[in-house]
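For reference, the structure discussed in these notes is given below.
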Amino acid sequence: MQDARILVTGGGGFIGSNLANTLAEENEVIALDNGYLGTSDNLDESVQYIEADVLDEDLPTDVDVVYHLAALSSRELLEDNPVHGARVNVDGFVNVVEQAIADGCETIVYASTSSIYGSRTTPTPEDVDVEAATGYDASMLGRERYAEYYNDFYADTDLTLAGMRFFSVYQGYGGAESHKGTYANTVSQFAKKIAQNTPPVLWGDGTQTRDFTHVDDIVRGLELAADHELEGVYNLGTGESYSFNEMVEMLNGVLGTDIDPVYEPIPLTNYVHDTLADSSKIRKATGWEPRIDFEDGVERVCQPYLDEE
């Protein structure tokens, strides 16, 4: 994408800031964030930062592309305040889309989640049955249903909405993920603990698996989704999964440590034990391929701690 005017909501957040900084190399990029889960410190000087809320009126949606990544992005945040969570994740989505349509924007890419698949150990395509086991799941499904409505209602126009079902996205505390703290991916949290000679706490027996996907691969998928004006929902995941036990072993190997985890009972109901993406749909539509395998990704996460030695 080149010479486009782009809005990234949630642009100060983990994925949003990585996307905004990348796109700003060849485009005019506006990052909108309310400062709750994001910060302007994550952004390069070439990105225009606007502190605002997705529920506000008069948003800067007079753009060529809207990336709607703003969300309360964890089940805990929705459980603490379900009404506010639904307002932000669903009403905020509709508010942004309506303003974008009114301003003539025809390409919208938005964040969804793979947690709606529940626990699956085989590669999961987009057409399997999904479920709302948590309020967060319900809010992301709400986005997808509204996007389905918009794609259908405006079928005779050039408007397209594409939802990206993210799998387990990570980067490490050496990047923009540090601002998420306890909401950061387990790879990043465990790396910090092990580097500090503190045992990471694993729920259950550590055999749960995740399709860990580096944020750089996510950013490329998001850019390609807009370039190809995709419509519908798409998985963004590597198609490979690793257990938490394997992840801790890999972190120890890179950091040169020998820290055993502590195991505790799983404290959540409806806990997703396993995830694994079938990303053939977006691969076929755009040619996207993940470039950072998990071994390389773990080394990237650990490198800042090695540099401190």
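Going by my numbering, the sequence shown opens with residue -5, and the numbers climb by one from there.
Glycine included, every Cβ here is placed at the ideal spot set by N, Cα and C.
Judged by their CB atoms, V295 and V256 are not nearer to each other than the 8 Å cut-off. When DSSP states are grouped into helix, strand and coil, R277 belongs to the helix group.
When DSSP states are grouped into helix, strand and coil, E293 belongs to the helix group. Listed as beta-bridge partners of A156 by DSSP are V103 and G226. The Cβ atoms of A170 and F288 do not sit closer than 8 Å to each other. By the Cβ test, the region 202 to 220 is in contact with the region 92 to 107, since at least three Cβ pairs between them sit closer than 8 Å.
H78 sits in a helix when the DSSP states are folded into three classes. When secondary structure is reduced to three states using DSSP, H267 falls in the coil class, being assigned neither helix nor strand. Assignment of L1 by DSSP, reduced to helix, strand and coil, places it in the strand class. Note on geometry: alpha-carbon atoms of Y299 and E92 lie some 45 Å from one another. If you look at T16, you'll find it in the alpha helix (DSSP H) that goes F8 to L17. Secondary structure of I188 (DSSP, three-state): helix.
Contact between the region -5 to 8 and the region 16 to 34 is established, with three or more Cβ pairs separated by less than 8 Å.
In the DSSP annotation of this structure, F161 is not part of any beta strand (DSSP E), being labelled neither H nor E. Cβ-Cβ separation between V213 and V292: approximately 19 Å, too far for a contact (criterion under 8 Å). DSSP places R204 in the strand class (E or B) of the three-state scheme. When beta bridges are read from the DSSP output, A25 appears opposite V2 and Y43. Under DSSP, W197 takes part in a beta bridge, and its partners are E258.
Judged by their CB atoms, T115 and D268 are nearer to each other than the 8 Å cut-off.
With respect to the 8 Å criterion, R159 and T107 are classified as neighbours on the basis of their beta carbons. At a Cβ-Cβ threshold of 8 Å, L216 and A279 do not count as neighbours. Taking all protein chains shown into account, R285 has fewer than 16 neighbouring C-beta atoms within 10 Å of its C-beta and is therefore exposed.
CA-CA distance, T128 to D35, rounds to 31 Å.
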